[in-house]
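S.K.:
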Amino acid sequence: MLAWTIYFSFAAALALGCLPERRAAAARRLALLAALAGLAAAVAGALRVAPGTVAVLADAAWIPSLGIRYQLAADGLSVTLALLTGLAGVAGVLFSWNIERRTPEFFALYFALLGGVYGVFLSQDLFLLFVFYEIAIIPKYFLIAIWGSTRREYGAMKLALYSFAGSALVFAGMLILYVAAGARTMNLPELAAVDFPRGLQLWVFPLVFAGFGVLAGLWPFHTWAPTGHVAAPTAASMLLAGVVMKLGAYGCLRVAMGLMPLGLADWASPVLGLASWRELFALLAVAGIVYGALAALVQGDFKFVIGYSSVSHMGFVLLGLMTLQITGLSGAALQMFSHGIIAGLLFAVVGRMIYDRAHTRDLGALAGLQLGAALPFAAVSFTLAAAAAMGLPGFSGFVAELQVLVGAWRASPVLAVATGFGILAGVAYSIRVLQRAFFPGPAERAGNPPPAAPLVPAPITAPERLGAVLLITVSVAVGLFPQLLLRWIVPALHAPWFERLLQGGRL
Amino acid sequence: MNGAAYLELLGQVAPETVMVLTVLAVLAADALALRELSGPYRKLLLALIGSAGCLVAAGWLAGFPADANWLEGVFVSDALARGVKIGLLALTAATLLLAVETGPAEHPGEYAALVLLAALGMLFLVSSEDLLMIFVSLELTSLCLYALAGFDKACPRSAEAGLKYFLVGGVSAAFTLYGFSLLYGVSGGLRLEEVAAALRQSGGQPVFILALALAAIGFAFKVAAVPLQFWAPDVYQGAPAPSAALIASGSKVAGFFVFARILSAGFADTAIHREMVLLLALLAGASMILGNLAALVQSSVRRLLAYSAIAHAGYLLLGILAVPRAGLAALMYYALTYALAALGAFGVVALVERHTGGSSMTDFDGLRRRSPLLSLAMLVFMLSLAGIPPLAGFFGKFYVFATVLQTSGLGGLPLALVILALALSAVSLYYYLLVLKRIYVQPASPLASKPIPLSLSGALVLVLALLVVLLGCLPELLLRPLASGAAIH
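As given, the protein sequences belong to chains F and Y, one line each in that order. Be aware that the first sequence starts at 438, since it is given in my numbering, and climbs by one per residue. Be aware that the second sequence starts at 514, since it is given in my numbering, and climbs by one per residue.
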């Protein structure tokens, strides 16, 4: 059933690509239908995957002479992320209801991207995974370059080149592992069972991890993320922050760490006070958390704030991975899901509800517009989303970040304290934008006189309300009942594949 | 050799014979019957006769496969050579059909005949393991291609392209011949096997290195690899579009095949293996770097394709490193799929040129609106050249790089080259995306906004795009025949 998510998406992309340009309304309906079908397939398929098992969804010979198979399978991690993709897909369509230019093409690219994402999460064959991973790159470029806003062509090209450079690193790592394993198989569990020499793992691991890390917003390779998110149309930023960055994190966990657990072991001798790649990447993750939060604190453009906050939140995922503990790892997986939902909502509010109406994202200008009164629904949505992003209890972000922090504390108290500082900065930037954009006091308004005619925005439409309610509900549901997802995630991390990882070196 | 043997030989070279007859038929038909017809019909009929000849020859190759080795290597036929020949014939037929709309206006009969003769040279080139025969076939192909490059007499750029191609080609052919003569002088034989045997006995005399390096110059010219790449941008830009397409596709495939054959027979497991590998690695690395970096700043799509061709020659040279192992199949998969994409891209360029008047980047502005199907085809070709899955170019890269990494005894060299190639292919995405940006993002200029009607060439381009997608999704279709051929080889 889960495999249908991929087929639905690509079929929708094909059908939408064939629609003539003027059939915008039909394209929207078809897109919503396809996204719902994808979500339904993801939910129905997820329910059939018993926790702790791996469900094989498809298995056929593809390139037999090279041992490459068309193999799809789902464990708890795949299920969680496929559900996220389904939800983000539906929400993205709802928030793109106002795309009027080249509508069928927009949705065709959107679904090509979505299909690639589903494919990565469900691939059991490294070659297939990589194929889907790269399929996702090109639609992103066009979505941003054609329908984007601020410096769209620059942002789109930067994003495409960063992604492709990252995937070139992954490509190199994949080739090396394939050849080192005898060039017989690309099957992920089989490759994971191969004992690659420690020396090989130690230098291929950082290659692959950094390659996937580029897409996960690993500091200092994160710079594509703010510019790309800002330039992208709303639905594309939602997908970018919501699921595409997760592709990177998923690849880091499944491929880099899953296949090369010894790459995390200590080096022969410490370099610059660091003893292993694990310490280095943990440090970079914390740097990302703190840097992203501090950068978000000083942005004047509303969307840049959210863009940098994504870098910060993805730092939690990478830090969770580097704890090599079940608490930290499951926190990372949960954070992937949670951030996917929350970032989607934040971008939807900023890009769709506000920017499409006020035509500015400048926090100073927004302060003069009285948005809190003019768009109460947007204000409420953003307040809830910001609360979730800060990690207030009751929202999904809280459970996820708490687990990551606990894992990090067990591994290294120093890093945990630094992370705590990042969380504080996170609270600060969230409250800052909340106040500036929606509830400005006299101080903020002083320098920004209200426009001559008060802004009378178009009311929030039904699709927007639906999308926001969907995302908030999911975030709250997971926040209150994390077991909903953890019941899949935790057993999946106890699979033999990851067991070896949990026994990796200490930080 | 008695009469019966000659009859048998005629059976073996039937495809080549068919091609000769087709050349004559094209010339005769044009001279006797088609002069009176109006331009388009005359060209169409000529192209149909020519492609029919290619089809018969290819059909013969597929239908009556028979291994042969005549006169000790003068004419060799095996599964791999037959597969490559079928590919070459398909590329030739596509070139002929493309020329109906976009070829030079005058002398279509001679034009078609020259294309067919060039193809004939390529067929013989693929089938010979004899130095003299290789040289003669090489020259047959090259001379036809020189004429094809300069065929458009009304266009000074075409004349310049022809002259440049001819001068560089002539010099490099002289180098090759000199290299061959040295090989003959030292080994006393013309057959590749004899040369290789002498090489093994000699234990690596420097004169062998010199001879092979000189011979390699000729092939570097043929495939547009550094240091003999500088003709490519001018020729690709100035030559009539179908000529450029043939130079970029068929000529390259044949060149790489025979290059790989000489090198795999010539220096595998010999004392000078290491030196030759270093030489090749140097050429490959330099071609990849120069091609990819120079392509970044081009404003003409034809020149961009030329530099991209140089870069791809680099990737393919990398594949030659792996040839002594089972790398020949990987190399030929890459070369054939590259040829499909390059031919298709030239087809699109030719059609845009015809309807817009130029082939600079700006002429592609808003092509999406003028011809959605051509734009889609160009998207496929560009992304395949960039190596994006699930297109053929991606799988070709994967297969070639994987075989290169499996070559042993060269230390870290293969790995370093593969990493260089991957890094540069990330660079290459930039310029391919620039073309696509023109097509899909930029609005059409008001001067050229008329839709481009779908024509025979347009349909042909679409078929090529479909093939690129199909071979990328199901590489086994091409891989199985090639791999079985390479295994026998």
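C-beta atoms are modelled at their ideal positions from N, C-alpha and C, and glycine is treated no differently. No experiment lies behind these values; they were computed from the predicted model shown.
In angstroms with no decimal places, state the Cα-to-Cα distance between residue 830 (chain Y) and residue 796 (chain Y).
M.R.: Distance between the alpha carbons of residue 830 (chain Y) and residue 796 (chain Y): 8 Å.
S.K.: Counting only Cβ-Cβ distances shorter than 7 Å, please list the residues of the segment 954–969 of chain Y near chain F, keeping chain order.
M.R.: Cβ contacts with chain F come from 954.
S.K.: Which residues bound the beta strand (DSSP E) around residue 538 (chain F)?
M.R.: That residue, residue 538 (chain F), is in no beta strand (DSSP E); it is neither H nor E in DSSP.
S.K.: With 8 Å as the C-beta to C-beta threshold (strictly closer), list the residues of the segment 885–897 of chain Y near chain F in chain order.
M.R.: Listed by position along the chain: 896.
S.K.: Below 7 Å between beta carbons is the criterion; list the residues of the segment 919–950 of chain Y that meet it against any residue of chain F, in chain order.
M.R.: Hits within the stretch, in order: 919, 931, 932, 935, 936, 938, 939, 942, 943, 946 and 950.
S.K.: If distances are taken between C-alpha atoms only, which option among Y:918, Y:591, Y:556 and Y:590 comes closest to residue 615 (chain Y)?
M.R.: The shortest Cα separation from residue 615 (chain Y) among Y:918, Y:591, Y:556 and Y:590 belongs to Y:556.
S.K.: Using the C-alpha atoms, what's the distance from residue 501 (chain F) back to residue 629 (chain F)?
M.R.: Straight-line Cα distance between these residues: approximately 20 Å.
S.K.: Confirm, please, whether the CB-CB distance from residue 858 (chain Y) to residue 763 (chain Y) is below 8 Å.
M.R.: It is not a contact, given that the beta carbons lie outside the stated cut-off.
S.K.: Residues of the segment 563–590 of chain F in Cβ contact with chain Y at a cutoff of 9 Å, in chain order, please.
M.R.: So the close ones are 564, 567, 568, 569, 570, 571, 572, 574, 575, 578, 579, 582, 583, 589 and 590.
S.K.: Along the beta strand (DSSP E) that carries residue 704 (chain F), what are the first and last residues, could you check?
M.R.: Segment 703–708, the beta strand (DSSP E) holding residue 704 (chain F).
S.K.: Note down, in chain order, each residue of its chain lying with its Cβ closer than 7 Å to the Cβ of residue 445 (chain F), except the 5 sequence neighbours on either side.
M.R.: So the list reads 471, 474, 475 and 478, once near-sequence residues are dropped.
S.K.: Do the CB positions of residue 748 (chain F) and residue 661 (chain F) come within less than 8 Å of each other?
M.R.: In this structure, residue 661 (chain F) does not lie closer than 8 Å to residue 748 (chain F) by Cβ.
S.K.: Using the three-state DSSP reduction, which class does residue 638 (chain F) fall into: helix, strand or coil?
M.R.: DSSP places residue 638 (chain F) in helix when its eight states are reduced to three.
S.K.: Under 8 Å, do residue 722 (chain F) and residue 755 (chain F) count as touching if we go by C-beta distance?
M.R.: In contact: residue 722 (chain F) and residue 755 (chain F) (Cβ atoms closer than 8 Å).
S.K.: Give the interface partners of residue 992 (chain Y) over in chain F, defined as CB-CB distance under 9 Å, in chain order.
M.R.: The answer, in chain order, is 500, 502 and 503.
S.K.: Within a Cβ cutoff of 7 Å, which residues of the same chain sit near residue 967 (chain Y), ignoring the five residues on either side of it in sequence?
M.R.: Answer for residue 967 (chain Y): 886, listed in chain order.
S.K.: Helix, strand or coil: how does DSSP classify residue 466 (chain F) here?
M.R.: Note: residue 466 (chain F) maps to helix in three-state DSSP.
S.K.: Which residue's Cα is closest to the Cα of residue 611 (chain Y): Y:739, Y:928, Y:985 and Y:969?
M.R.: The candidate whose alpha carbon is nearest that of residue 611 (chain Y) is Y:969.
S.K.: Got a sec? Which residues, its chain only, sit under 6 Å from residue 782 (chain F) by beta carbon, not counting five neighbours each side?
M.R.: The answer, listed in chain order, is 822 and 908.
S.K.: Please confirm whether residue 901 (chain Y) has its beta-carbon closer than 8 Å to some beta-carbon of chain F.
M.R.: Yes, residue 901 (chain Y) lies at the interface with chain F (some Cβ there is under 8 Å from its Cβ).
S.K.: With a threshold of 8 Å between beta-carbons, can residue 594 (chain F) be considered close to chain Y, or not?
M.R.: Judged by the 8 Å Cβ criterion, residue 594 (chain F) is in contact with chain Y.
S.K.: DSSP state of residue 943 (chain F), grouped into three classes?
M.R.: Note that residue 943 (chain F) scores a pLDDT of 39, beneath 50, so its modelled location is shaky and nothing firm can be said.
S.K.: Can you give, in chain order, each stretch of the alpha helix (DSSP H) that sits fully within the segment 658–735 of chain F and has at least 4 residues?
M.R.: Entirely contained in the segment 658–735 of chain F, the alpha helix (DSSP H) runs reaching 4 residues are, in chain order, 661–668, 671–676, 682–688 and 714–734.
S.K.: Does the segment 938–948 of chain Y come close enough to the segment 592–607 of chain F that 3 or more CB-CB pairs lie under 8 Å?
M.R.: A contact exists between the segment 592–607 of chain F and the segment 938–948 of chain Y.
S.K.: Please classify residue 910 (chain F) as buried or exposed, where buried requires at least 16 neighbouring CB atoms within 10 angstroms.
M.R.: By the neighbour-count rule (16 or more Cβ atoms within 10 Å), residue 910 (chain F) is not buried but exposed.
S.K.: Are residue 775 (chain F) and residue 560 (chain F) closer than 8 Å when you measure CB to CB?
M.R.: Contact: no.
S.K.: I want to see whether chain Y comes within less than 8 Å of residue 943 (chain F), judged by CB atoms only; does it?
M.R.: Any reading at residue 943 (chain F) must be qualified, since the residue scores a pLDDT of 39, below 50, and its modelled position is unreliable; no value is offered.
S.K.: Tell me the residue span of the alpha helix (DSSP H) that contains residue 584 (chain Y).
M.R.: Careful: residue 584 (chain Y) lies outside any alpha helix (DSSP H) and carries neither H nor E.
S.K.: Just tell me which of F:612, F:648 and F:618 has its CA closest to the CA of residue 602 (chain F).
M.R.: For the residues F:612, F:648 and F:618, the minimum Cα distance to residue 602 (chain F) belongs to F:648.
S.K.: Specify the secondary structure class of residue 506 (chain F) as computed by DSSP and reduced to three states.
M.R.: Residue 506 (chain F): strand per DSSP, three-state reduction.
S.K.: Give the list of continuous beta strand (DSSP E) stretches no shorter than 3 residues that lie fully inside the segment 637–674 of chain Y.
M.R.: Correct list: empty.
S.K.: What three-state label does DSSP hand residue 562 (chain F) in the structure shown?
M.R.: The answer is strand: DSSP assigns residue 562 (chain F) an E or B state.
S.K.: Between residue 664 (chain F) and chain Y, is any beta-carbon pair separated by less than 8 Å?
M.R.: No, no contact with chain Y.
S.K.: Check the DSSP bridge columns for residue 624 (chain F) and list the partner residues they point to.
M.R.: Answer is F:562.
S.K.: Quick one: is residue 835 (chain Y) near chain F, going by C-beta distance under 8 Å?
M.R.: Output row for residue 835 (chain Y): interface = no.
S.K.: Given this structure, state the Cα-to-Cα distance separating residue 552 (chain Y) from residue 618 (chain Y), to the nearest angstrom.
M.R.: When rounded, the distance between both Cα atoms is 8 Å.
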